[in-house]
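Student: In short: position in the sequence shown from 1, add 14, done, that's the numbering used here.
We put the CB at the ideal spot given by N, CA and C, even for glycine.
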Amino acid sequence: MKRLILLVFILLCATGIVVAFSVLSKNESLQDEEQDEPVVESISEEEGLSFSSSDASKGEQELSDELEIETSESVESSSSVQTDSGVRVVDIEVYQWGYEPSLIVLSPGEQVKFRFTSRDVEHTFSVALEDGVVNFVARPGTVNEADFIAPLVPGDYIAGCNIQCGSGHLRMKGTIRVE
C-alpha cells in the first residue's frame, strides 16, 4: 500500500498536480491568516480617520475606539456619491497595476469616505501625508472603508502599493489632489 501511495505521489508530482494543490493550500491558509490583520497599518491622529471592512465571513468586531471593522453582505459600486450626511463616498478599485480612479480631487479639510476593492490580489493605497504614511488595504471580495479628512495644505499627495504584487508593482500610482 505504501508503494502504491508513493507511486501515485510521484506521478502526481510529475504532472504538477501536487505542486498546484500545495500552492492552493498555502494561499488559502495565508488568506485565513491575513483576515485577522488590521485593515490599516498606521493612523494619523490629526487626520481623523476611521476604518471598516466588508467581508461576509466576519461579524462586526470592534478593535478600539478609533478602529472598527464592520461587515455587510453585498458590495456596492459607484465612483463617487454623496451620503445623506453630506460626506462624499469615493469608490477606488485597485488592480494589477493601478487605481481607478487614479486621481481624486478634494478640497482642503474635506471629509470623504473611501471604499476600496481589489480585482485580483491584496494591494494597498499608501499615501504619504505630513504626519506619516497611511496604508489603506484593498482585498479581493471585500470592501474596506476609510473615513478620511483631506489635508489642509493644497498639493498632490502620491499613493502607491506597498505590497509586492507582480512585475508592474512599481507602476502603481494614484494621486489625491487637494485644491
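Can you tell me whether DSSP reads Leu184 as helix, strand or coil?
Tutor: The residue you call residue 184 lines up with position 170 of the sequence shown. The answer is helix: DSSP assigns Leu184 an H, G or I state.
Student: In angstroms, rounded to a whole number, what distance separates the CA positions of Pro115 and Val141?
Tutor: Against the sequence shown, residue 115 aligns to sequence position 101. Against the sequence shown, residue 141 aligns to sequence position 127. Answer to the nearest angstrom: the Cα atoms are 15 Å apart.
Student: Between Met186 and Ser99, what straight-line distance do the alpha-carbon atoms span, to the nearest angstrom?
Tutor: Residue numbering aside, residue 186 sits at position 172 when the sequence shown is read from its first letter. Residue numbering aside, residue 99 sits at position 85 when the sequence shown is read from its first letter. Cα to Cα, Met186 sits roughly 32 Å from Ser99.
Student: On a CA-only basis, which of Gly182, Gln178 and Ile163 is nearest Val192? Give me that one, please.
Tutor: The count along the sequence shown starts at 1 and reaches residue 192 at position 178. Measuring from the Cα of Val192, the nearest candidate turns out to be Ile163.
Student: When DSSP labels each residue in this structure, what does Ile177 get in the three-state scheme?
Tutor: For this step, residue 177 is matched to residue 163 along the sequence shown. In the structure shown, Ile177 sits in coil (DSSP, three-state: anything other than H, G, I, E or B).
Student: Whose C-alpha, out of Val135, Pro122, Thr131 and Val157, is nearest the C-alpha of Ile190?
Tutor: To locate residue 190, count along the sequence shown from 1; it is residue 176. Cα-wise, what sits closest to Ile190 is Pro122.
Student: Measure the C-alpha to C-alpha separation of Asp134 and Asp105 and round it to an integer number of angstroms.
Tutor: Here residue 134 is taken as the residue at index 120 of the sequence shown, counted from 1. Here residue 105 is taken as the residue at index 91 of the sequence shown, counted from 1. Distance between the alpha carbons of Asp134 and Asp105: 16 Å.
Student: Judging by CA-CA distance, which residue of Val101, Arg102, Gly112 and Val148 is the nearest neighbour of Cys179?
Tutor: Residue mapping note: residue 179 aligns to position 165 of the sequence shown, counting from 1. Answer by Cα proximity: Gly112.
Student: If the criterion is Cβ atoms closer than 9 Å, does the pair Asn149 and Thr156 meet it?
Tutor: By 1-based counting over the sequence shown, the position of residue 149 is 135. By 1-based counting over the sequence shown, the position of residue 156 is 142. Not a contact, by the Cβ cut-off of 9 Å.
Student: My output table needs one value for Ser160: the three-state DSSP class, helix, strand or coil.
Tutor: Counting from one through the sequence shown, the residue named residue 160 turns up at place 146. One point to set straight first is that residue 160 is Ala, not Ser, in the sequence displayed. In this structure, Ala160 counts as strand in the three-state DSSP scheme.
Student: Judging by CA-CA distance, which residue of Asn176, Ile118 and Leu166 is the nearest neighbour of Glu144?
Tutor: Along the sequence shown, read from residue 1 onward, the residue named residue 144 stands at position 130. Checked all of Asn176, Ile118 and Leu166; the closest Cα to Glu144 is Leu166.
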